[in-house]
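Just so you know, the sequences run in chain order L and V.
Numbering (the numbering used here) for the first sequence: 1 to 144.
Numbering (the numbering used here) for the second sequence: 1 to 223.
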Amino acid sequence: MNQAASGFVPEIVVLFCRQSVAGEIDPITAPKAASDLKLRFASLTCSSKLELPHLFRVLEGGADGVMLVACPVDGCARMTGSAMSGRRVERGKKLLESAGVGSGRLLLERGTGLTLEELVRRARAFAETLRPLGPSPMKGVLKK
Amino acid sequence: MIIAEWKPIDELLEMLAGKKKLLLVGCATCVAECAAGGEREVETLAPLLAMARAQRGEPLEVVTRTIERQCEWEFVEELKDQAAAADVIMSLACGIGCQALAERFADKTVVPGVNTTSLAIRESPGLWAARCAACGDCVLDETFGLCPIARCAKSLLNGPCGGTREGGKCEVDENIDCIWYLIFERAKARGAVDSLLKVRSCRSWANSGHGGPKRVVREDLRP
């Protein structure tokens with residue numbers, strides 16, 4: 001069945017660098033900004049603090065997609081952190097592709113001064129690209 | 001250190017076909033240093049394998065454990081209970097560690113998760129390069145501390161060969177130094193080029209792999 005037609009709403013975990021957003025975004029209340037999406041948020045001190053095991057464990061936990069939000073490469077408060085996270089995501093995408101899971105479940109977005117509304121807008125666009133992939137293969141396993 | 005790299009995911013999945021519970025074992029020594037089989041790599045590979053199997057409709061339970069060294073029996077013993085509960089064990093250690101697990105848990109299927117490739121040094125972050133071939137007859141005293149066995153594509157003892165590229169690079173790969181070029185440069189810097197002209201007797205390979213599986217015995221350390 002066409003996933004869009006089936007009403008599939010992807011579960012997306014948004015991991016954002018605290019330096020990339022405008023002001024404070026409360027991960028607890030942030031999902032309420034988009035009632036039509038299934039979003040979870042977590043803030044990071046720097047996107048580079050996130051390693052592949054973290055990203056993969058989130059996907060293994062049943063998330064349909066992970067969106068990592070980092071600062072611009074030349075605007076990282078920790079100098080090379082954002083560039084490093086970009087390389088990690090690229091490697092993660094290749095591994096997911098080689099495992100047959102699909103690289104499309106991982107997304108890196110960059111920006112500065114991002115508002116909650118902007119994060120939701122990007123997450124909504126990501127959800128559209130996830131719909132054709134269907135639910136995470138782990139959903140069936142985790143239910144059992 | 002001993003360096004290794006992951007086998008392709010397809011090959012790993014093929015080795016795990018039909019198995020339902022995997023114990024994925026890392027080694028916190030050499031392969032951790034070369035980012036192939038330490039705790040970070042174990043925790044990266046475990047969810048990847050679980051997702052790949054779920055995608056294929058054949059769920060796989062993956063239990064992870066990283067021990068200090070897979071080549072030491074005392075550490076291998078720590079796996080006893082987890083090994084008993086698994087129906088396959090995958091080692092992310094070098095071939096030595098994998099064989100130690102296979103010997104200790106002989107009733108289990110033990111498979112390698114990595115290909116062991118060399119004895120190497122970390123030249124810079126993310127780049128490891130061979131330094132030693134464990135040939136059994138070290139000549140570093142005669143080659144100014146640069147190994148022609150491990151670092152010459154032809155293991156020449158009378159290099160360089162005719163294929164050296166301009167700038168002292170190897171004909172095999174422009175990113176690899178011609179080791180005999182470097183040996184000559186180091187000899188020149190020390191004013192000892194003449195020592196390279198010395199005629200040597202034929203090398204004996206008897207102490208390398210040509211003499212059968214290598215054993216070293218120290219009677220004073222034997223029980």
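Note that the Cβ used here is the ideal one computed from N, Cα and C, for glycine as well.
Counting C-beta atoms within 10 angstroms of its own C-beta, V/D141 has fewer than 16 neighbours from the protein chains shown and is therefore classed as exposed. Taking a contact to require three or more Cβ pairs closer than 8 Å, the segment 134–148 of chain V and the segment 156–172 of chain V qualify as touching. The beta carbon of V/P8 falls within 8 Å of a beta carbon belonging to chain L, placing the residue at that interface. By the neighbour-count criterion, in which 16 or more other beta carbons inside 10 Å mark a residue as buried, L/D64 falls on the buried side. Just so you know, the alpha carbons of V/C34 and V/R122 end up roughly 8 Å apart. Its chain contains L22, L49, R53, L60, V88, M90, V111 as the residues whose beta carbon lies nearer than 8 Å to that of V/L16, once the 5 sequence neighbours on both sides are disregarded; these appear in chain order.
Using a CB distance cut-off of 8 Å, V/M15 does not count as an interface residue toward chain L.
Around L/S98, the beta-carbon contacts reaching into chain V at under 8 Å are P8, I9, D10. Straight-line measurement puts the Cα of L/L39 at about 9 Å from the Cα of L/V120. Going by C-alpha positions, L/A127 is about 45 Å away from V/V76. Interface annotation for the segment 43–55 of chain V against chain L: E43, T44, L45, A46, P47, L48, L49, A50, M51, A52, R53, A54, Q55, criterion Cβ-Cβ distance under 9 Å. Taking 8 Å as the cut-off, the beta carbon of L/L68 is found closer than this to the beta carbon of L/L15.
By a beta-carbon distance limit of 8 Å, L/V58 contacts L/V66. Their separation comes to about 5 Å. The C-alpha of V/L45 lies about 10 Å from the C-alpha of V/L12. In this structure, the CA atom of V/G209 is about 14 Å from the CA atom of V/R203. Contact residues of the segment 97–123 of chain L toward chain V are S98, A99, G100, V101 (C-beta to C-beta distance below 8 Å). Residues of chain V whose Cβ lies closer than 7 Å to the Cβ of L/V141 are, in chain order, A54, P59. Here the C-alpha atom of V/A84 lies approximately 32 Å from the C-alpha atom of V/K214. Considered as a whole, the segment 21–68 of chain V harbours 21–27, 61–67 as its complete beta strand (DSSP E) runs of no fewer than 3 residues, in chain order.
For V/E174, the CB contacts under 8 Å within the same chain, skipping 5 residues up- and downstream, are R165 in chain order. The Cβ-Cβ distance between V/V25 and V/L127 does not fall below 8 Å.
A straight line joining the alpha-carbon of L/E60 with that of L/V101 spans about 11 Å. In the DSSP annotation of this structure, V/C135 is not part of any beta strand (DSSP E), being labelled neither H nor E.
If you compare the alpha carbons of L/L116, L/R91, L/S20, L/R131 with that of L/L55, the shortest gap goes to L/R91.
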